[in-house]
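With this note's numbering as the guide, the letters of the sequence shown map in order to residues 905 to 1090.
Just so you know, even glycine gets a beta-carbon here, dropped at the ideal spot from N, CA and C.
Here the structure is a predicted model, which is why all the values come from computation and not from measurement.
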Amino acid sequence: MANAEVTRILGELERGRGSAADELLPLVYDELRAVAASLLAGERAGHTLQPTALVHEAYLRLVGETRSNWQGRAHFLAVAANAMRRILVNHARDRRAAKRGGGEWHKVSLTAVDTPAPEQEVDLVALDDALQRLEKMDERLCRVVELRFFGGLTVPETAQVLAVSDRTVELDWRMARSWLFKELSA
């Protein structure tokens, strides 16, 4: 029922009913906060952004967009996770610029979507740069990474958003992780 309610509210938001945003947040807040906490788990200690602030900033950006063709709850959560990633990458880039290219590294795990504890850490800015290169090569592989890693979506949810089979998502996920590992190890 929650999925149907979220989809209904997203439709109303798309049709311009601004008060729908107030109804949507309580329905998706816990999931957005979990995504934010997961993204921030790989960040340096004492990071100035907290999960709640990250959720609110991303949410305000999303509901303020004029173009929003939400396909449902999973799609909204994936786009929200991508918005959070953008916020964190911009934050990391600003921090580096302030330090004149200093050596501050922002780390996240690439080894497991379901495990928030980092096993193999990479620089968030380097990951974003690699994802931009991957997107130019194969947009769907990039989307799979965004949906699975940043959005925390399952294989079936990712397949639904991308309108492909579960097996295609599994193969794309494996290929994208391998490519990213190679790129980030160089």
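(request) In the DSSP assignment, find the unbroken alpha helix (DSSP H) run with VAL939 in it and report its ends. (result) Numbered from 1 along the sequence shown, position 35 holds the residue referred to as residue 939. Where VAL939 is concerned, the enclosing alpha helix (DSSP H) stretches over 924-945.
(request) Would you mind reading off the limits of the alpha helix (DSSP H) that contains VAL910? (result) Position 6 of the sequence shown holds residue 910. First-last of the alpha helix (DSSP H) with VAL910: 906-918.
(message) By the DSSP assignment, the alpha helix (DSSP H) with TRP889 in it spans what residues?
(response) Only positions 905 to 1090 of the chain appear in this structure, which leaves residue 889 out of reach.
(message) With a threshold of 6 Å on Cβ separation, who are the neighbours of ARG1078 within its own chain once the five nearest residues in sequence on each side are excluded?
(response) Translated into the one-based positions of the sequence shown, residue 1078 becomes position 174. Excluding sequence neighbours, ARG1078 sits near nothing in its chain.
(request) Under 8 Å by Cβ, that's how I've got LEU931 and GLU909 pegged, so tell me the actual separation to the nearest angstrom. (result) Start at 1 with the first residue of the sequence shown, and residue 931 comes out as number 27. Start at 1 with the first residue of the sequence shown, and residue 909 comes out as number 5. A Cβ-Cβ distance of about 6 Å is found for the pair LEU931 and GLU909, placing them in contact under the 8 Å criterion.
(request) To the nearest angstrom, report how far apart GLY1056 and VAL939 are at their CA atoms. (result) Taking the sequence shown and counting its residues from 1, the one referred to as residue 1056 is at position 152. Taking the sequence shown and counting its residues from 1, the one referred to as residue 939 is at position 35. Looking at the backbone, the Cα of GLY1056 and that of VAL939 are separated by about 7 Å.
(request) Whole angstroms is fine: what's the gap from ALA1080's alpha carbon to ILE991's? (result) Taking the sequence shown and counting its residues from 1, one reaches residue 1080 at position 176. Taking the sequence shown and counting its residues from 1, one reaches residue 991 at position 87. If I take the Cα positions, the gap works out to 22 Å.
(request) Assign ALA1034 to one of two classes, buried (16 or more other C-beta atoms within 10 Å of its C-beta) or exposed (fewer than that). (result) Position 130 of the sequence shown, counted from the first residue, corresponds to residue 1034. A buried status is given to ALA1034, since no fewer than 16 other beta-carbon atoms sit within 10 Å of its beta-carbon.
(request) Mind reading off the beta-carbon distance from VAL1068 to VAL1029? Whole number of angstroms is fine, and I expect it under 8 Å. (result) Locating residue 1068 in the sequence shown gives position 164, counting from the first residue. Locating residue 1029 in the sequence shown gives position 125, counting from the first residue. In this structure VAL1068 is not in contact with VAL1029, their Cβ atoms being roughly 29 Å apart against a cut-off of 8 Å.
(request) Take every Cβ of the segment 1037-1046, pair it with every Cβ of the segment 951-962, and state whether three or more of those distances are shorter than 8 Å. (result) The segment 1037-1046, when compared against the segment 951-962, does not touch it at the 8 Å Cβ threshold.
(request) Put ASP1042 into one of helix, strand or coil per three-state DSSP. (result) The residue labelled residue 1042 in the question sits at position 138 within the sequence shown. Residue state, collapsed to three classes: coil.
(message) Which same chain residues end up closer than 6 Å to ARG976 when comparing Cβ atoms and leaving out the 5 residues on each side of it in sequence?
(response) Start at 1 with the first residue of the sequence shown, and residue 976 comes out as number 72. Inspection of the sequence shows that residue 976 is occupied by Gly rather than by Arg. These residues qualify, in order along the chain: THR911.
(request) For the alpha helix (DSSP H) containing ALA1063, list its first residue and its last residue. (result) Residue 1063 sits at position 159 when you count from the first residue of the sequence shown. Going by DSSP, ALA1063 is part of the alpha helix (DSSP H) stretching over 1059-1066.
(request) Within the same chain, show all residues whose beta-carbon is closer than 8 Å to that of VAL1048, passing over the 5 residues directly before and after it, in chain order. (result) Here residue 1048 refers to the residue found at position 144 when the sequence shown is read from its first residue. Excluding sequence neighbours, VAL1048 sits near THR1062, LEU1066, VAL1073, ASP1076, TRP1077, ALA1080.
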